[in-house]
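Taking it in order: structure first as structure tokens, then the write-up.
Protein chains: 2
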Amino acid sequence: MARVARYDRQAALEKAVVLFWEKGYHASSIKQIEHALDMRPGSIYAAFGSKDGLFSEALNTYAEKGSQHLVGHLADYEFIIPGLQQYLRDIASACVPGCPAPSRACMIVKTLLEVSNVNEPIARQVNALLASIEHGLAEALEQAKAHGELKPEVDCARLARLLQAQIMGLRSFAQRDTSARSVLQLGDDMAGLLDQYRT
Amino acid sequence: MARVARYDRQAALEKAVVLFWEKGYHASSIKQIEHALDMRPGSIYAAFGSKDGLFSEALNTYAEKGSQHLVGHLADYEFIIPGLQQYLRDIASACVPGCPAPSRACMIVKTLLEVSNVNEPIARQVNALLASIEHGLAEALEQAKAHGELKPEVDCARLARLLQAQIMGLRSFAQRDTSARSVLQLGDDMAGLLDQYRT
DNA sequence: GCTGTTGTTGAGTGACCGCTCAAATATACC
DNA sequence: GGTATATTTGAGCGGTCACTCAACAACAGC
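Listed in order, the protein sequences are those of chains S and D.
Following this note's numbering, the numbering of the first sequence begins with 68 at its first residue and continues without gaps.
Following this note's numbering, the numbering of the second sequence begins with 68 at its first residue and continues without gaps.
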């Protein structure tokens, strides 16, 4: 052990998330990363190996935070389906035009659309993350079904994919230059879609 | 008038669509554009002014084709809502993994997520295109409502936004490395969502 | 055939890309 | 304080970026 690192790894990753989430993978240059992390190229490459390595870790950081947020949110609800419905409405509220987030759209979906056919390792990572999220949603729905919240004939894996596609659509729509009202109504409408699957 | 151009402008634009749709804006270099269009930089810049100019025209070409496709599709149906439901199923069929399209995701949405916060002129163009599509969907729904296909209390502008978000979600989901069955089922499920708005 | 005009060509522009590394610097241990 | 080790620094690497332009080529009108 000798000189201690000036930077905090997790803090640096969170700053990287802000930049990459806002600008995307290609439009974020090393110069901008240097500035955002307040680190010089040598330190960045010593710590993360490459721009791809940093992006990959930043993406995991983002996904982990999002995943924890969903789990924490659902823990507040006695019933899962109303929890998921409110989750959709909360996303809409958080993705209203003028919100402070780096981008209204989901960083994972942004990355999926930007790097498929262009950067295979990152594309594989994005696919794994989305599959994991789909799996988590399916598990929550299975639980809801076990508690009698869902009609017995509901295919939870299938509904999980519909739900994931709703979130993708909602946050992509929210990226448009549109009114807050539109986004909030869309969140409401998507939440309402789940009603027909309930008991 | 003197020497005639070797290239066909519309054909060149369609080749540009294939490249940009597949790789996105940033990952498509001038070198790749030269190769895809079989044109040298001088000709490209004489014809389209800049990479942004070419991209802009390619995006319009893509949007125009998509718009014509929807209009043509709906013309085949006596009733609009079943036409829209089949439209969703057709998108799913066309966006199945292994399909020949340059990308399963929509080029307009890919561009929206890639260039917002990065390239304002293109972002404005994308927003205008999406607003126009939303408007077209709303008009179709209004027509359906006038023909008694929809419940009288349905807010067509609002439903149009839900529908657009479905398409965004469906095609973004389809960009995932998933099974054909998942995508087809998702298309079915989204088509089914419209049932509760019908008379 | 000549001339004027337009289109094509591709080497070359400066700028920026991701990235490297030798030197300087800061700390832990003795 | 001296030494070993870990970290930071930033000038600079080769390469690619979007783009330009002078020279050349092809066609219309005469």
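Here a beta-carbon is modelled for each residue, glycine too, at the ideal position from N, C-alpha and C.
Keep in mind it's a predicted model, so treat the numbers as computed, not measured.
- The way I'd put it, the segment 115-126 of chain S doesn't touch the segment 139-155 of chain S; fewer than three beta-carbon pairs between them come closer than 8 Å.
- Residues of chain S whose Cβ lies closer than 8 Å to the Cβ of E89 (chain D) are, in chain order, N184.
- In chain order, V182, S183 place their CB closer than 7 Å to the CB of A190 (chain S), counting only its own chain and leaving out the 5 sequence neighbours on each side.
- Interface residue (Cβ-Cβ distance to chain D less than 8 Å): K177 (chain S) is classified as such.
- Unbroken alpha helix (DSSP H) runs of no fewer than 4 residues, entirely contained in the segment 183-219 of chain D, are found at 187-213, following chain order.
- Comparing alpha-carbon positions, the option among D:A79, D:I158, D:L180 lying closest to L121 (chain D) turns out to be D:A79.
- Here R265 (chain S) is bridged, per DSSP, to S:L217.
- In this structure, the beta-carbon distance from I158 (chain D) to G91 (chain D) does not fall below 8 Å.
- Residue-level contact by beta carbon fails for E101 (chain D) and chain S, as no gap is shorter than 8 Å.
- Within the segment 219-253 of chain S, contact with chain D at the beta-carbon level (separation under 7 Å) is assigned to R225, R228, L229, Q231, A232, Q233, M235, G236, L237, S239, F240, Q242, R243, D244, S249, Q252, L253.
- At a C-beta separation below 9 Å, S170 (chain D) has these neighbours in chain S: L180, S183, N184.
- The residue among S:V138, S:S110, S:I147, S:Q77 with its C-alpha nearest the C-alpha of D262 (chain S) is S:I147.
- Contacts with chain D at 8 Å (Cβ-Cβ) include L260 (chain S).
- Using a Cβ-Cβ cut-off of 8 Å, H136 (chain D) does not count as an interface residue toward chain S, since no Cβ of chain S sits closer than that to its own.
- Taken through DSSP and simplified to helix, strand or coil, P108 (chain D) comes out as helix.
- Within the same chain, and ignoring the five residues on either side of R171 (chain S) in sequence, the residues whose Cβ sits closer than 7 Å to its Cβ are C162, R238, A241, Q242.
- The continuous stretches of alpha helix (DSSP H) do not include S170 (chain S), and DSSP gives it neither H nor E.
- A Cβ of chain D is located within less than 8 Å of the beta carbon of N194 (chain S).
- Chain D has no Cβ within less than 8 Å of the Cβ of D75 (chain S).
- Contacts with chain S at 8 Å (Cβ-Cβ) include L197 (chain D).
- The continuous stretches of alpha helix (DSSP H) do not include T245 (chain D), and DSSP gives it neither H nor E.
- Between the C-alpha atoms of L204 (chain S) and C166 (chain S) there is a straight-line separation of about 26 Å.
- If you look at F87 (chain D), you'll find it in the alpha helix (DSSP H) that goes 76-90.
- Here E206 (chain S) is exposed. Its C-beta has fewer than 16 other C-beta atoms within 10 Å.
- Taking C-beta atoms as the reference points, T266 (chain S) and E209 (chain S) fail to come closer than 8 Å.
- Annotation for A94 (chain S): no alpha helix (DSSP H) segment contains it, and DSSP assigns it neither H nor E.
- In the DSSP assignment, S117 (chain S) falls outside any alpha helix (DSSP H), carrying neither H nor E.
- Around Q152 (chain S), no beta-carbon contact reaches into chain D at under 7 Å, the shortest distance being about 15 Å.
- Identification of chain S residues near D256 (chain D) by a Cβ-Cβ cut-off of 9 Å yields R225, L226, R228, L229, A232, ordered along the chain.
- In terms of Cα proximity to A195 (chain S), the closest of S:Q233, S:N127, S:L137 is S:N127.
- In the DSSP assignment, A72 (chain D) falls outside any alpha helix (DSSP H) and carries neither an H nor an E.
- If you check the CB distance, I97 (chain S) and A83 (chain S) do not come in under 8 Å.
- In terms of beta-carbon proximity, Q263 (chain D) lines the interface with chain S, with at least one pair separated by less than 8 Å.
- Its Cα nearest to that of E187 (chain D), the residue D:S123 stands out among D:Y112, D:S123, D:P169.
- When Cβ-Cβ separations below 8 Å define contact, H214 (chain D) makes no contact with chain S.
- Residue state for C223 (chain S) is assigned as helix, using DSSP reduced to three classes.
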